Structures are given as structure tokens and as C-alpha cells.
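Read through the structure below, which is laid out as C-alpha cells, and then see the notes.
Number of protein chains: 4
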Amino acid sequence: MIIVMKLGAEESQIQETIKRIKDLGFNTHLSQGQNRTVIGVIGDVSSIEESEVERFRATPYIQEVIRVSKPYKFVSRDFKKENTVIKIDGVEIGGKKIVVMAGPCTVESEDQIIAIAKEVKKSGATILRGGAFKPRTSPKDFQGLGEEGLKFLLKAKEETGLPIVTEVMDTRDVALVSEYADILQVGTRNMQNYALLKELGKADKPVLLKRGMWSTLKEFLSAAEYILAGGNENVMLCERGIRTFSDFTRNTLDLSIVPVLKAESHLPVIVDPSHGTGRRDIVKPMALAAIACGADGLTIEAHTNPQKAISDADQTISTSDLHGLMGEVKYISRMFGREI
Amino acid sequence: MIIVMKLGAEESQIQETIKRIKDLGFNTHLSQGQNRTVIGVIGDVSSIEESEVERFRATPYIQEVIRVSKPYKFVSRDFKKENTVIKIDGVEIGGKKIVVMAGPCTVESEDQIIAIAKEVKKSGATILRGGAFKPRTSPKDFQGLGEEGLKFLLKAKEETGLPIVTEVMDTRDVALVSEYADILQVGTRNMQNYALLKELGKADKPVLLKRGMWSTLKEFLSAAEYILAGGNENVMLCERGIRTFSDFTRNTLDLSIVPVLKAESHLPVIVDPSHGTGRRDIVKPMALAAIACGADGLTIEAHTNPQKAISDADQTISTSDLHGLMGEVKYISRMFGREI
Amino acid sequence: MIIVMKLGAEESQIQETIKRIKDLGFNTHLSQGQNRTVIGVIGDVSSIEESEVERFRATPYIQEVIRVSKPYKFVSRDFKKENTVIKIDGVEIGGKKIVVMAGPCTVESEDQIIAIAKEVKKSGATILRGGAFKPRTSPKDFQGLGEEGLKFLLKAKEETGLPIVTEVMDTRDVALVSEYADILQVGTRNMQNYALLKELGKADKPVLLKRGMWSTLKEFLSAAEYILAGGNENVMLCERGIRTFSDFTRNTLDLSIVPVLKAESHLPVIVDPSHGTGRRDIVKPMALAAIACGADGLTIEAHTNPQKAISDADQTISTSDLHGLMGEVKYISRMFGREI
Amino acid sequence: MIIVMKLGAEESQIQETIKRIKDLGFNTHLSQGQNRTVIGVIGDVSSIEESEVERFRATPYIQEVIRVSKPYKFVSRDFKKENTVIKIDGVEIGGKKIVVMAGPCTVESEDQIIAIAKEVKKSGATILRGGAFKPRTSPKDFQGLGEEGLKFLLKAKEETGLPIVTEVMDTRDVALVSEYADILQVGTRNMQNYALLKELGKADKPVLLKRGMWSTLKEFLSAAEYILAGGNENVMLCERGIRTFSDFTRNTLDLSIVPVLKAESHLPVIVDPSHGTGRRDIVKPMALAAIACGADGLTIEAHTNPQKAISDADQTISTSDLHGLMGEVKYISRMFGREI
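The following block contains the structure:
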């Protein structure tokens with residue numbers, strides 16, 4: 001960590017700063033330039049709390065505090081070199097295989113989810129997605145079937161053998177959803193719901209963490225850090241589009257985070273081209289691009305009858321289009337030395 | 001609601017669309033232009049769920065669906081003409097008075113919060129703010145004193161008579177925090193934590209709802225709608241900065257939402273220039289600008305010793321600066337026919 | 001075009017609106033709902049100027065004006081069905097072939113550009129890029145070699161046979177740059193420099209138009225429309241990253257615009273993963289992703305010694321890495337039925 | 001300047017870096033921590049070109065290069081302590097007075113501009129604005145009257161005595177526009193049109209530089225630096241809204257830049273609440289907020305008949321509303337120790 005004093009900082013201020021550093025248990029190294037004084041902090045600075053750094057920053061005679069070390073540890077590839085591979089009922093995520101999670105935005109009925117699950121299975125996708133607890137912008141909108149939806153998902157799993165991923169929104173529901181689901185999804189709006197992240201740290205199911213639509217790379221990895229720090233090491237990082245000024249897509253799918261996450265972290269990286277674009281017509285090309293830049297998997301909204309879907313109809317592809325998409329995804333995956 | 005058919009839509013597709021509208025219980029009005037067919041939906045379309053609209057949008061031969069009506073109702077000034085005025089222990093919010101909430105980011109100790117509360121009281125601010133449950137980016141950072149912090153806040157209230165506003169982050173803590181606090185704060189990261197919003201709809205304390213840093217106007221008002229729809233009508237809307245590319249401030253304080261919220265809604269509007277800028281040096285001018293464009297109040301981070309603050313030291317002003325700020329805020333408020 | 005009257009608009013206001021429409025030479029169709037009146041405008045509304053639409057919007061008793069037709073024409077696939085294929089010295093852009101433009105950010109010397117050009121040629125890339133007139137944030141920074149740089153580029157072309165793309169920044173330089181260059185580049189900061197776009201509409205060289213880092217899809221296509229409307233039909237559209245809050249890349253590369261541009265327009269689409277990310281370490285994966293989602297070509301910053309590059313050193317790959325990249329780009333292009 | 005080496009950088013790499021610094025004419029100071037080596041660069045580092053810094057950044061074994069000094073000089077308050085006050089025909093900008101520039105977006109006819117100018121004069125505003133060369137998104141839209149428009153502006157000046165501000169878009173038009181106008185405006189789309197900025201550095205008229213809608217603080221001040229470095233010291237900085245995801249305004253007016261510009265620079269700061277919001281209904285509150293946070297002036301779109309305005313009708317207020325606005329602006333200005 002490096003502390004840059006303001007121009008004209010006095011000797012007494014330099015000494016006070018050095019004293020504060022030593023009080024924290026670190027050594028210092030003083031560098032006095034022509035104009036500026038710079039104080040190096042020597043020791044394992046990763047143990048310094050961010051708030052301590054902020055206090056230095058807030059000191060009137062300090063210009064800048066530069067901290068090179070990262071605010072996260074367990075999620076980092078520095079901490080764990082090899083890829084985390086998550087195994088669920090024979091499906092491997094983060095290894096050589098590409099995982100595809102597909103299904104409707106919302107579980108609407110037992111028949112609906114079973115019919116879709118069968119098509120998902122047939123297409124070659126390996127995990128069934130579907131929402132029972134739904135985050136909806138307006139309280140008037142359909143909020144999901146709740147536990148009944150979870151039961152329907154379980155029936156669809158029994159029929160097809162596909163493991164289930166579904167969202168959990170409330171700390172009080174983590175135990176309940178864990179009874180039914182194979183993967184617990186954290187939605188974009190809850191990426192920094194720390195109470196929920198802590199609860200998931202104690203859960204015994206893998207977590208699919210969606211990037212907050214406002215989230216920087218550091219915040220995304222720090223959110224995952226909450227879950228790992230709590231004891232749950234099975235986290236998948238999911239890019240699903242960020243908020244920008246651009247209006248031809250619902251969100252701007254930030255594929256450049258894929259290779260950066262793969263370098264920074266050992267966790268599997270999933271891409272959601274459905275929410276990431278909000279446009280059914282470009283789900284396929286963006287899915288292929290995701291594989292091309294190194295994603296470990298996809299999550300795709302698909303429905304036997306998209307126009308009748310209860311939510312997200314705009315971005316949901318038909319299950320017959322899912323078959324076509326899966327064909328191309330398989331082909332491209334092989335080109336990149338992966339397989340489904 | 002207006003449905004615009006794609007160029008070249010066939011007669012059978014037009015008829016099918018009309019049938020779908022009639023099945024929902026509405027009448028239609030057909031307008032066939034030189035190139036395009038437009039179908040007007042006649043009746044009280046505000047009762048149509050957003051997901052129904054999405055399904056029309058997702059229909060291949062429909063170009064666009066235009067809905068003029070708003071996704072929220074109870075928060076709207078159309079629903080309630082006069083300003084909502086919230087009264088807490090003699091403090092009025094949303095009426096003629098300007099409310100100022102001030103205090104530290106985090107409750108650090110009994111002595112700290114009492115000392116600050118006394119200065120807040122002396123400055124003329126009328127509500128004490130301070131965090132006991134803290135949303136922190138990294139799990140390594142200090143997470144707040146929890147219930148002990150609430151107890152210290154209560155002591156500070158007993159000493160000064162200042163009502164308390166503090167954040168609640170978990171549905172499971174709403175009852176607990178309600179025992180101590182006079183106003184329940186929803187942080188920016190939880191603006192679309194719908195489980196929490198629903199729980200707050202059942203609470204008997206007013207809510208200070210901070211705008212999500214990614215939130216549009218509609219999403220902000222829709223989040224407030226969750227609380228009002230649940231039965232709690234005492235909601236304050238707080239602008240606290242949004243995420244943009246601009247990097248000289250931590251967030252971009254969007255003051256233009258103040259007059260728009262006042263026109264769209266009857267709820268009080270509060271501005272947070274501390275988080276909204278992340279820069280102590282511009283808290284005062286932005287506070288004055290907030291009053292000038294019509295805000296009903298401010299929330300300001302202040303500390304007896306900002307450099308020793310556990311969090312947000314960068315943006316926290318000293319309590320002695322708070323005295324200066326309050327002097328100017330009082331003066332300007334009077335110029336605008338308001339008072340403190 | 002559809003005009004939605006405000007709630008409670010009076011009969012005289014409706015009549016006035018109808019008169020205004022008729023004065024513009026259009027017919028109307030009136031639809032009176034339970035609450036609202038909607039006026040359809042019948043005829044070829046694409047001829048109505050945007051400013052006329054704004055005047056309707058500014059009318060106090062008009063709620064909204066909905067215009068489905070697009071603000072551009074010549075660039076649109078509705079106007080021209082088949083792909084525009086641009087041919088330059090045997091290099092085809094926008095057809096079956098993938099074009100790769102490679103070279104340094106800045107032309108530094110005759111030796112430098114020739115040495116790099118030879119490596120570019122060897123790698124299999126087909127066009128040489130390099131800046132002679134440089135847009136630099138600070139006036140202190142190196143502004144490019146000007147005409148001397150153009151002469152060096154021409155020498156490099158003579159040595160290698162590679163056509164040249166280089167930036168033009170001033171209307172007064174269009175003729176000069178056209179003498180040397182095969183493709184005229186418009187930089188991101190000049191995407192809405194309409195004086196320059198008009199001048200390029202009269203030029204006899206193809207144009208590589210970079211998307212403004214603030215530009216919507218409509219604005220991007222409208223900028224291209226300026227050039228086509230001026231008579232120059234050979235325009236390439238180049239995605240090069242947009243400004244967002246995200247800070248792990250210099251810009252956010254918006255690959256989702258690639259398939260949308262291909263659907264909306266007949267013009268070739270190029271992707272610049274160098275400027276689009278600002279990170280040398282992810283240029284290759286993003287280049288492959290660009291091909292995977294349908295781009296017609298790439299522009300890549302490459303230098304024989306990136307650490308000595310005069311500008312953009314951060315994002316410039318070495319020419320030896322360019323060889324590796326080209327190998328993979330060729331392989332992936334074939335997978336997608338393209339070739340280099 | 002501080003150079004942070006990567007973890008595990010070798011001794012030879014450290015030595016090479018030190019040599020590069022010495023070759024640039026600077027001394028170094030080495031600080032070897034437990035994990036990292038940091039090299040301080042000693043001397044007047046403000047003379048180092050940004051591209052040199054980038055080359056260090058691009059070196060594989062260098063982690064980070066931290067440069068505290070600013071990329072601009074002449075615009076900085078470090079360079080010139082006292083406010084720049086620009087005087088035009090008795091109107092003072094940047095001193096005690098608040099300047100208000102008002103008028104239509106576009107000069108439409110001699111009668112129109114004279115009628116509006118008279119109202120502007122009556123309202124107490126002191127400068128007349130109006131566009132003769134118009135940057136329009138679509139080539140189909142009205143592009144302005146050109147030199148004829150300048151002549152009409154001059155007539156309006158002769159009638160009212162109001163100095164004129166109008167936009168220049170092309171390097172070739174700077175001389176022409178300078179003959180008519182008192183202030184040359186650079187539009188938001190041209191903020192980084194460096195050819196134009198350089199030409200304006202040689203002009204003998206003051207410049208109103210509008211912030212690019214994508215521009216950071218540093219880029220904005222660096223753009224102004226181009227003009228000052230060219231010899232023209234009379235530059236006004238104008239905040240006019242930035243591009244964000246927020247959609248209830250056309251742009252997001254970033255008032256927080258006002259106090260920061262006033263601290264960083266000696267140049268006058270103007271706010272444009274018309275373009276900055278795109279909403280006529282909030283022009284007044286945002287104008288007052290601009291004064292409250294320290295702006296030196298305003299630019300306001302006003303028209304005798306906004307609904308008939310050729311462009312920007314949405315955001316243009318009527319001249320009768322301008323009278324009301326000016327009354328409040330005068331009142332508030334006095335409260336802040338300013339006057340009109």
C-alpha cells in the first residue's frame with residue numbers, strides 16, 4: 001500500500017501518518033521526491049480493512065492511497081490455481097464440459113414445466129431452469145407459484161433426470177428452496193443482498209450468482225467472496241448484462257468479463273444471453289460468442305410457446321429454436337476443445 | 001393501450017390479435033393506415049398485467065405495444081393529490097418543513113453516537129442517522145454492531161430527543177429494528193429486494209427508500225409501490241446517486257429526479273449528497289442545490305472526527321462543518337418559503 | 001405515426017391537432033377510448049421531419065407521439081436487401097471473407113511502419129492500419145506525424161501490397177488523406193462531427209466509421225446515413241466499445257450490436273477488440289467472439305514492440321501474438337463458413 | 001509518479017525499469033516491501049507525456065503506474081489562482097454577475113429571432129443564443145440557415161444590443177462565424193473534435209465549450225486545455241448533461257461537476273438545464289439548483305412559440321415562462337451574493 005501526501009504536507013503530518021501506519025503493525029518506507037512525499041506501507045497489507053484505507057484517504061493532507069492488493073481472497077486464482085469443478089448428478093460445471101441450463105422464466109403449471117423439461121432434455125441441455133419465486137418490478141405482476149412451483153420443478157426433474165436451478169430471494173426461504181433445488185440462483189437485484197449471501201454461505205447447495213446490473217468486477221467477485229467466506233465453495237459467476245445508455249438491448253451483455261473472470265478467479269463462468277440482451281433474435285449469436293470467449297456454460301430462457309410465457313416473453317426462445325441453438329453450441333464447443 | 005402490427009401483417013393475424021384483446025375483456029378500435037395497422041385497446045387498461053403486455057410484444061407479427069398508463073398506482077399523484085406528510089415525534093416530513101437527518105455512517109460505540117447526536121441536535125438537524133447493520137462490499141469489512149448498535153442509537157435518542165433512522169437489510173430483522181428505530185432505511189443495494197419491501201409494507205414504521213444506483217424512475221416508484229401496496233403509506237423517496245461512467249464523484253447525484261418525483265408522486269423526497277457524491281468537499285453546495293430544486297429534506301453523513309470514522313470517511317463531514325452547512329440550509333430554505 | 005392526447009384533452013384541441021396533421025398533407029384516423037383519444041396519421045410518414053414530430057411532442061395537450069418508422073433510409077436493409085461488399089485492391093469486405101486490419105496505433109517512423117507491415121502481411125491480415133493524424137486527449141501528447149506519416153504508410157504499402165486504413169479528423173484534410181489512404185477512418189470522437197461526415201459523403205474512398213462511445217444504435221446508423229446520403233455508399237460500421245460504469249476494461253465492448261447491425265443494415269460490420277477493451281490480454285478471446293456472433297472483420301492494434309509504442313501501449317499486442325491470433329481467427333472463421 | 005512492479009518481478013526487470021526512468025532524465029527511489037517493489041520517480045514528472053506512461057503500463061512485469069499530476073495545466077487553478085472574468089460588450093462572465101444566455105435552439109427567420117431577442121432582453125437575460133449551423137442526428141433534418149442565420153442574429157443584436165453566442169461545427173467556418181458572433185459555441189458532439197479546438201485556440205472570440213455527453217472531468221478540462229494552449233484564454237465550461245441509463249430525462253444533468261470545476265479551474269462555469277434535462281417542465285428548478293451550487297451562468301432555450309420551434313421543442317420554454325424564470329434566478333442570485 002502506498003500513501004501519497006499532498007503537495008506541501010508538513011513534516012509533522014508525515015510523522016503522524018507514519019505513526020498511524022506503525023500503530024497498525026506495519027513498517028514504512030519513506031520516499032521524498034522533488035514535490036511530493038510518498039510513504040510505502042510494508043508488510044501483509046491484505047489484512048488491512050477497507051475502512052482503514054478510507055480513513056487514510058479522508059485525511060486532509062493525504063492526496064491518495066494506492067492499494068494494489070485485491071479486496072477478495074477465496075475466489076481468487078492466486079488463492080486456488082486449478083479450476084473449481086462443480087458436480088451435480090453427473091453434470092460437471094467448470095471442467096471440460098459446457099453446461100447449458102434452459103427452461104422458462106417462470107414455472108406456470110405442472111404440465112407446462114414437464115413439457116418444457118422434456119424438450120430441454122431432448123435438446124441436449126443438461127440443467128432445467130425455472131422460477132418459483134419471481135422478482136417482479138411491479139407488485140401487481142405475477143409473483144410466482146412459490147413452493148407449489150418448486151414441487152412442479154421436482155416432478156419435472158423426476159420425469160427427465162435434469163437437475164434444477166431456481167431463484168431464492170429471501171433469507172427465510174433458503175432452507176425451503178434447498179430441499180427442492182440442485183442449484184440456488186441469486187438474481188441480479190440481490191447480488192449485494194449481503195444477508196442473503198451470508199445465508200447461502202451456510203447452504204449445502206451450489207449457487208449461481210448473477211452479476212448485479214450495476215456491478216463492477218470487484219464488487220461481483222466480492223459478492224461471491226461472501227458465499228465462499230461463509231463456507232460454500234460451489235459458486236458459479238453469471239454475466240447477465242449491465243445497465244448502460246444503450247437502448248437497442250434491454251441490458252448490455254458484457255462478454256469481456258468472461259476471459260477476465262477466468263483469469264482472476266477459479267470459479268466457473270456462465271453467460272445468460274436471454275436477460276443479457278432481452279432480444280430473442282440475438283440469443284443464438286451471443287450464446288456462440290460466449291463460448292468463443294471462454295464461458296463454461298449458458299443459461300437460456302426457452303418455452304414451448306414463448307408468446308404465452310407469463311414473463312420475459314420478449315427474450316424467450318421457443319424450444320424448437322433451442323434444438324437449433326444446441327446443435328450449434330455443441331459444434332462450436334468442440335471447436336474450442338470443449339464438449340456438452 | 002395501442003398495438004402496432006408489423007408491416008405486411010395478414011388479416012388473420014390482425015383478427016387473432018383482436019380476439020386476444022377481447023378475451024381479456026376489452027374492446028378494440030381498428031386503424032388501417034397506408035402501410036400499417038394499428039389496434040387501439042379500449043377500456044381500463046391499467047388493470048392489464050405487464051406480463052400480458054410482454055406476451056403481445058413477443059408476438060412475431062406485432063411491431064410494438066404502446067402503453068401510456070403507469071406501472072404504479074398508490075404512489076402516484078394521480079391517486080392522491082395532496083402531499084403525504086409524515087410525522088415522527090413532532091418532526092414533519094413532506095410538509096412546509098425541510099428535514100435534515102445527520103449522523104455517522106456507522107454506530108461505533110455508545111460514546112461516539114451520543115457525542116455526535118449532541119452535535120447533530122445543536123446544529124439544528126432534526127433526525128439522527130447511523131448504521132447498526134451495514135452493507136459492506138467485502139465480507140472482511142466491519143459489518144456493524146447489530147442489535148448493540150441499535151441500543152446505542154436508542155441511548156442517543158434518550159439523550160437528545162432526536163428520532164432515529166437506521167438501515168434494515170434482512171426480512172428477519174424488520175421486527176427487531178422496528179423496536180428501536182423511528183424510520184427504517186432501505187439501502188440502495190436492496191431497492192429491488194422485494195422480499196424486504198413486502199415485509200416493510202407490513203411494518204408500522206415509516207420507510208426511507210433509497211434509489212437503487214441502477215434504478216430508473218419507474219423502477220424507483222414501483223419499489224415504493226410494493227411498500228404502499230402492502231399497507232404502509234409512510235414512504236420517503238431518497239435520491240443518493242446513480243452509477244455512470246463519470247469518475248470524479250463516487251456516484252452521479254441525479255438532482256433532476258427531485259422535481260420529477262414531486263410532480264409524479266405525493267411522497268416526500270429526500271436527497272443524500274454524501275453518498276450521492278462521495279466527496280466531502282461538495283456536500284454543502286449539493287445540499288443547497290437539492291433544496292433549490294424542491295427537495296423536502298437531506299440526509300448527511302457527519303462525524304465528530306471524520307478521519308476516524310469506521311466507514312465512508314471520504315464523504316463524511318465534521319460536525320463543526322455540519323453547523324456551517326445547517327446555517328446555510330436554514331437560510332436558503334427560508335428563501336424558498338420553507339423552514340427547518 | 002400515432003398521437004396520443006393527454007387525459008382530458010378538449011374537443012377543440014383534438015380538432016386543432018387533426019388540422020395540423022392535415023396541413024402537413026396526411027389523413028387521420030380517430031380512436032376515442034374510455035379515457036384517451038388517439039389520432040393515427042395515415043400516409044407515408046417517413047417523410048415527416050423529426051423536428052415536426054418534436055413540435056407535436058411539445059404541445060401541452062399531447063401526451064405522446066409514437067413513430068415506428070426509422071430515422072435512416074439508405075443504410076437500412078429495408079432499402080437494400082443484399083450485403084454491401086466493398087472491394088479494395090482484391091480485398092473483399094462484407095462478403096464471405098473475414099477482413100483483418102492490423103498495425104500500430106501510431107505511425108512512428110518509416111522503419112517502424114514497414115517492419116510492422118511485413119509482420120502484418122506474414123500473419124495473414126489483409127489491411128494495414130496506422131495513425132498519422134492522432135486524436136489525443138491532451139494537447140501535450142504526440143499528435144501524429146501528419147502528411148509525413150501518410151508517406152511512410154504508402155511506402156509500407158509499396159513494400160507489402162497491403163491497402164491502408166488511416167484516420168482523418170479535419171474536413172480540410174479529407175482530400176489529402178484520400179491521396180494516400182485506401183480507407184478513411186472516422187474516430188469514435190468524431191462520429192457525430194457532421195461537417196466531416198458530409199465531406200466524406202463526397203469522398204471517393206470507403207469509410208470505416210467507428211461507433212461513438214456514447215452512441216445509440218439509431219445514432220450510429222444515422223451517422224452512417226450522412227455519408228451514404230452524400231453519395232458514398234462504401235461505409236463499414238465499427239463497434240469499438242462504449243462508455244459505461246464498468247472499470248475493468250477501458251470501454252465496454254458491445255458485441256450484441258453485431259447481429260443487430262447485420263439485421264438492420266446491409267453494411268459490413270467490423271469489431272475493434274483493442275480499443276473496445278483496452279486490455280491486451282483479452283484481445284484474442286474477444287476477437288474470436290466477434291467472429292462467432294457474425295462480424296465481417298476485425299481491426300487489431302499490433303506492434304513489433306508494444307512496450308515502445310507511442311500510444312495505446314496497454315492494448316497493443318505484439319506482432320508475434322498477432323500470428324497466433326490470426327491462426328485461431330482463420331480456424332474459427334472456417335467453422336462459421338467464412339474464410340480469410 | 002510511482003511504478004509498482006508485479007509480484008515476483010526479477011531484479012533484472014527492476015534494474016531495467018530504473019534505467020528507463022533515468023534515460024528520461026529522472027531520479028528514482030526504490031522501496032522494497034515484503035511482497036512488492038515500488039519505484040518512485042523523482043523530478044518534475046508533469047513533463048512526462050501520457051504515452052510514455054502508457055508504455056510503462058504496458059510492460060509485462062509492471063503492475064501499475066500511478067501518476068498524481070494532472071494532464072492539464074493552463075486551465076488549472078494551480079496555474080492561475082484568480083477567476084477568469086470574460087468581458088463582452090459590458091457583460092461580465094465569471095465575476096460577481098450571473099450571466100443568462102437565452103434564445104431559440106435554431107434561428108428560423110429574421111422576424112423570429114428579432115421577436116425572441118426582444119423578449120430575451122426584456123426578461124433581463126444578457127446574451128442571445130441561437131443556432132445557424134445545427135448538428136442534427138439525421139441528414140434529413142433541418143441543418144440550419146447557415147450564414148443567413150448569422151446575419152439574422154446580427155440584426156437581432158443591432159435591435160437589442162444583446163451579444164450573440166452561436167455554434168461553430170467546422171474548422172472552415174471559424175473565421176466566418178467569428179465575424180458575426182461574440183461567443184463561439186462548441187457543441188457536445190464536438191468536445192473532442194481536436195481539429196476544431198485547435199482552430200478555436202487561434203480565434204479572437206471567447207468560446208463556450210459544452211461538455212461531451214460521454215466526457216469525464218479530466219477529458220473536459222483537457223479539451224479546454226487545447227484552446228488555452230493555442231492562445232485563447234477566454235473559455236467557458238458548460239455542463240449540459242451526460243449519457244446514462246436513466247430515461248426520464250434526455251440526459252442526466254450532472255450538477256456536481258459545478259463546484260468541482262470551480263475548485264479545479266479558474267474558468268467560468270455555465271449550466272444548460274434545457275439540453276441537460278430535455279424537459280421543459282423542470283428547466284426552472286434545475287436552473288435555480290445550478291445557481292445554488294455555484295454556477296456562473298445559465299443557457300436556456302426559449303421561444304416565443306415553443307410548439308412551433310424547428311428543433312428541441314420538447315425542452316424549450318416560452319419567453320413568457322422565461323420572464324418568470326428570470327425573476328426567480330435574480331432573487332436567488334442575490335441570496336448567494338451574486339447579481340444579474
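Chains as they are written, first to last, in UniProt numbering: chain A, 1 to 340; chain B, 1 to 340; chain C, 1 to 340; chain D, 1 to 340. A virtual CB, placed ideally from N, CA and C, is assigned to each residue, including glycine. Predicted, not measured: the structure shown is a model, and the values here were computed from it.
Run the proximity test for residue i: is its beta-carbon closer than 6 Å to any non-hydrogen atom belonging to the ligand FAD?
{"i": "E339 of chain B", "result": "This structure lacks the ligand FAD, and indeed carries no ligand of any kind."}
My output table needs one value for residue i: the three-state DSSP class, helix, strand or coil.
{"i": "S318 of chain B", "result": "strand"}
{"i": "V85 of chain B", "result": "coil"}
{"i": "K202 of chain C", "result": "coil"}
{"i": "M169 of chain B", "result": "coil"}
{"i": "L208 of chain B", "result": "strand"}
{"i": "M286 of chain D", "result": "helix"}
{"i": "Q185 of chain B", "result": "strand"}
{"i": "S12 of chain D", "result": "helix"}
{"i": "H29 of chain C", "result": "strand"}
Do residue i and residue j have their C-beta atoms closer together than 7 Å?
{"i": "L261 of chain B", "j": "I227 of chain B", "result": "no"}
{"i": "V271 of chain C", "j": "A295 of chain C", "result": "yes"}
{"i": "L184 of chain D", "j": "V168 of chain D", "result": "yes"}
{"i": "S123 of chain B", "j": "L298 of chain B", "result": "no"}
{"i": "T319 of chain D", "j": "E119 of chain D", "result": "yes"}
{"i": "L267 of chain D", "j": "T84 of chain D", "result": "yes"}
{"i": "K157 of chain B", "j": "G144 of chain B", "result": "no"}
Residue i: which of the options sits nearest, CA to CA?
{"i": "V100 of chain B", "options": "B:L154, B:V165, B:A156, B:E64", "result": "B:V165"}
{"i": "D281 of chain D", "options": "D:I317, D:G297, D:E159", "result": "D:I317"}
{"i": "E147 of chain D", "options": "D:T137, D:A132, D:R77", "result": "D:A132"}
{"i": "M326 of chain B", "options": "B:A302, B:F26, B:K80, B:K155", "result": "B:A302"}
Report all residues from its chain with a CB closer than 7 Å to the CB of residue i; omit the five preceding and five following residues, and keep chain order.
{"i": "K121 of chain D", "result": "T160, L162"}
{"i": "S215 of chain D", "result": "M191"}
{"i": "A289 of chain C", "result": "L255"}
{"i": "N35 of chain D", "result": "L7"}
Spell out whether any CB of chain C is found under 7 Å from the CB atom of residue i.
{"i": "L221 of chain A", "result": "no"}
Output yes if chain B places a C-beta closer than 7 Å to the C-beta of residue i; else output no.
{"i": "I66 of chain C", "result": "yes"}
{"i": "F245 of chain C", "result": "yes"}
{"i": "G337 of chain C", "result": "no"}
Between which residues of its own chain and residue i is the CB-CB distance below 8 Å, once the five residues before and five after are set aside?
{"i": "R57 of chain B", "result": "E64, V65"}
{"i": "T277 of chain D", "result": "G241, T249, R250, N251, L253, V283, M286, Q315"}
Which residues in the same chain as residue i place their Cβ atom closer than 6 Å to its Cβ, once the five residues preceding and following it in sequence are excluded?
{"i": "S311 of chain B", "result": "C105, T106"}
{"i": "T244 of chain A", "result": "T252"}
{"i": "N234 of chain C", "result": "I86, P206"}
Using a Cβ-Cβ distance under 7 Å, would residue i count as near chain A?
{"i": "D78 of chain C", "result": "no"}
With a cut-off of 7 Å, does the C-beta of residue i fall near any C-beta of chain D?
{"i": "S256 of chain B", "result": "yes"}
{"i": "S265 of chain C", "result": "no"}
{"i": "F142 of chain B", "result": "no"}
{"i": "G94 of chain B", "result": "no"}
{"i": "V260 of chain B", "result": "yes"}
When you compare the CB of residue i with every CB in chain F, is at least one pair closer than 7 Å?
{"i": "I340 of chain D", "result": "Checking the listed chains, one finds no chain F in this structure; the protein chains it contains are A, B, C and D."}
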